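Below: the structure, in structure tokens.
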Amino acid sequence: LAIALTLTLDLTNYTRLSFTGSDQDFYLSPGVTFVHVLDRTYYKRFFPSPQEHRDDPITFHTNLQGFPDRPGWLRYLQRSPHEDGMLYGTPTIQHVGKTVIEVIAYNRWTYDTIQHTVVFNILPSNTDFTLPFQAEFFIRNMNVEELLPSNVLGDFLGAVKAIWQPGHNLRLHALNVSSALDRGGRVPLPLSGQKEGVYVLVGSDTRYSTHLAEPLSPENRLRCSQESQLTVSFDRKFGSQFRVDWCKFILVTKEVAVRIYQQAPTGDGDAPAQPAVDVEFAPPGLSLERRDLHSEFVLTTAVPAVVASLLAVALSYLMCCRRQGL
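If you number the sequence shown the way the numbering used here does, the last residue is 664 and the count never jumps.
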């Protein structure tokens, strides 16, 4: 009885009743990247034990209400239990409506657990929000959480706007922000200044200038294939804050599947010069032609069998018919 009572008291000390915090409502626009910070200081207020002056490690688990994981357009990031978590993503027209996210905060020291709900209301857009002209940049000196704050992302979009169509008041939005690790990149070495890198997809309803296609010229593509450091004339617009890898720069026009280099270089001969890149992507069909593998199977098995038979006959002749005295 004493042992059972001791175990019961120990379990009571390490198991706390979950508390449901109040809902948070946010209103989002389709096609615009947003960031919601899971502030550890905010969640500390709901834990049963006072933790205002303690730096307890807190981790978060997020999922769509009624489902085991988040919706596909919503991403979650938390580097360590001593840092805030981040929910970020870009909803589309297909996601208009209410999205309820359950957030479970877990104290790694006291084992306290609380449940909280965050409601994202994705509002329908009254105007056409199609952004057919898009460009993807790779920033190699940042991690994704360093670019997501509104002031940093705003500075980057301002630099892009300055070279997109100089002197025009255009609409420019970040359509997608993703870490290089999500695109097959390598984990950087634990050294000072080593970053994962961030891919940023930017879209606008205004056609980009031909000046922006400078990194995609044949000469620059050749330098990239030789693994040379590529610099462009407008690189100074980004300053030292954003180090863009121009070899991974991509321009996309939704009117054509892939149409990158719009202006054809002038040729020296009589024949007109062709654009450097003018390719339309044709996806393969869903149905594949039936292949007859019978002949391949016969060829694969017959040739080794014939060779093995000849070797066996030759060996038998040498051992049986060429013996001394026969």
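Here a beta-carbon is modelled for each residue, glycine too, at the ideal position from N, C-alpha and C.
Predicted model only: the values in this text are computed from it and were never measured.
Proximity of residue i and residue j at Cβ, strictly below 9 Å
i	j	result
leucine 412	glycine 423	no
tyrosine 546	serine 516	no
proline 395	proline 429	no
leucine 550	leucine 491	no
threonine 544	leucine 508	yes
threonine 400	arginine 446	no
glycine 531	leucine 513	no
lysine 586	phenylalanine 494	no
glutamate 552	valine 525	no
glycine 523	glycine 505	no
leucine 568	arginine 561	yes
valine 484	lysine 533	Rather than valine, the amino acid found at residue 484 in this sequence is glutamate. Yes. Within cutoff.
asparagine 479	phenylalanine 580	yes
threonine 639	phenylalanine 471	no
arginine 378	glutamate 421	yes
Strand pairing of residue i, partner residues [DSSP]
i	result
valine 375	Met424
leucine 412	Gly427
serine 517	Val536
serine 542	Phe471, Leu510
phenylalanine 494	DSSP, once it has assigned bridges, lists no residue as partnering phenylalanine 494.
histidine 399	Ile442
tyrosine 365	Asn459
leucine 589	Ala473
threonine 451	Tyr444
threonine 437	Phe458
valine 582	Ile477
CB-CB length for residue i against residue j, believed under 8 Å
i	j	result
valine 434	aspartate 361	So it is not a contact: roughly 20 Å between Cβ atoms.
phenylalanine 364	histidine 374	7 Å
isoleucine 442	threonine 451	6 Å
leucine 486	tyrosine 426	6 Å
leucine 539	glutamate 474	5 Å
For this session: Assess, as a yes-or-no matter, whether the stretch 430-441 is touched by the stretch 397-408 under the definition of 3 or more beta carbon pairs within less than 8 Å.
Result: yes
Problem set entry | Segment contact, 8 Å Cβ cut-off, at least three pairs: the stretch 492-503 with the stretch 561-581 | Because the criterion of three Cβ pairs below 8 Å is met, the stretch 492-503 and the stretch 561-581 touch.
For this session: Indicate whether the contact test is met: 3 or more Cβ pairs, each with one atom in the stretch 360-368 and one in the stretch 456-465, closer than 8 Å.
Result: yes
For this session: Jot down the residue ranges of each uninterrupted alpha helix (DSSP H) in the stretch 619-658, minimum 4 residues, whole runs only, in chain order.
Result: 632-658
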